[in-house]
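Contents: one structure, followed by commentary.
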Amino acid sequence: MREFIVENLTNTEALSVTVILMNNVIALIVAFFIMFTYKISYAGPAYSRKFNISIGSITIITAMIMSIISNNIALSLGMVGALSIIRFRTAVKDVRDATYIFWAIAAGIGCGVSQYALIVIGSAFLLLFLIITRKGFTSCNKLLVVQGKPDCLHKTEAAVDTFFSGKAHVSMRNVTEGSFELVYSIGEGILYKAAKENQMDISEKLIKIDGVKRVNIVDQKDELSQ
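Numbering (our numbering), first residue to last: 132 to 357.
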């Protein structure tokens, strides 16, 4: 038993050049695949090419680390200790970016231990999942922002309620002595349907009300609410 433990702790059997090349080639291909997926599925306001390149680099670096560790338990424990003292303080702007970081690490680990089939199949399913969720579950709401004098507040609220048949939800209602501001959250489909039924945009109708100074319609993305 003692000899078995010592043998596994000090196993320094080197990988063949063929295996090393194969691991790195597959890691490179998967890295570009992850980078491509990040680019086509990103829905934020500021796509970062540098971050995308970093994701690909993580895949290759992780594969390299796994090839170095191989089956040597002592070396793997030493690597864990070395990495545990590293502190990463760079903030992730989009919470979805963490998904790609973990994907890159998992792909690198798989390539480093020659689990090519697992990485290819898993990456394909993850690509499908990210594309479906991007197109099917992203927020498409609009924000209707109305500003004006307090005298026309109730008239403005009634006009919005009538225009959208009660389907516009008030997100913010701010009234001061000399002005008011209303913010409505409206589905994109509801907005276009109401405009078609009324044969005019809501902004055209509200701006005609005496006392309304400004009407804005802006996109409501997930990034705005975080």
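Cβ coordinates follow ideal geometry from the N, Cα and C atoms, glycine included.
The model shown is predicted, which means the values in this text are computed figures rather than measured ones.
(Q) Count Cβ pairs between the region 235-254 and the region 146-161 that sit closer than 8 Å; are there 3 or more? (A) yes
Q: Return the first residue and the last residue of the beta strand (DSSP E) that S316 is part of.
A: 311-318
Q: Classify K336 as buried or exposed, calling it buried when 16 or more other Cβ atoms lie within 10 Å of its own Cβ.
A: buried
Q: Starting from K273, follow the beta strand (DSSP E) in both directions and report where the run begins and ends.
A: 272-279
Q. At a cut of 8 Å, does the region 312-320 reach the region 274-281 through at least three beta carbon pairs?
A. yes
Q: Identify whether M195 lies in helix, strand or coil by the three-state DSSP scheme.
A: Residue state, collapsed to three classes: helix.
Q: Take the Cβ of A235 as the centre, count every other Cβ of all protein chains shown within 10 Å, and call the residue buried at 16 or more, exposed below.
A: By the neighbour-count definition (other C-beta atoms within 10 Å, threshold 16), A235 is a buried residue.
Q. So V306 is in the beta strand (DSSP E); what residue range does that whole segment cover?
A. 300-306
Q. Where does V349 sit, in a helix, a strand or coil, going by DSSP?
A. Residue state for V349 is assigned as strand, using DSSP reduced to three classes.
(Q) Taking only three categories from DSSP, how would you classify V291? (A) Taken through DSSP and simplified to helix, strand or coil, V291 comes out as helix.
Q | C-alpha distance - I165 paired with K298, whole-angstrom precision | A | Going by C-alpha positions, I165 is about 40 Å away from K298.
Q: Enumerate in chain order the residues of its own chain whose CB-to-CB distance from I321 is below 7 Å, with the five nearest sequence positions on each side excluded.
A: F295, K298
Q. Nearest-angstrom Cα distance between I186 and Y231?
A. The alpha-carbon atoms of I186 and Y231 are separated by roughly 7 Å.
Q. With respect to the alpha helix (DSSP H) encompassing V148, which residues constitute its N-terminal and C-terminal limits?
A. 148-172
Q: State the CB to CB distance for the pair K344 and Q278, rounded to an integer number of angstroms; the pair is presumed to be in contact (CB under 8 Å).
A: Yes, they are in contact, since the Cβ atoms of K344 and Q278 sit about 5 Å apart, within 8 Å.
Q: Out of R227, M303, A289, S310, point me to the one whose CA is closest to I333's CA.
A: A289
Q) Skipping 5 residues on each side, what residues in its chain have a beta carbon closer than 7 Å to that of R304? A) Cβ neighbours of R304 beyond the five flanking positions: L313.
Q) The alpha helix (DSSP H) spanning I358 covers which residue range? A) Given that the chain is displayed from residue 132 to residue 357, the structure contains no residue 358 and the question cannot be resolved.
**Q.** Burial state of F182 (16 or more Cβ within 10 Å)
**A.** buried
Q | Among L152, L146, D350, A162, the one whose alpha carbon lies nearest that of A255 | A | A162
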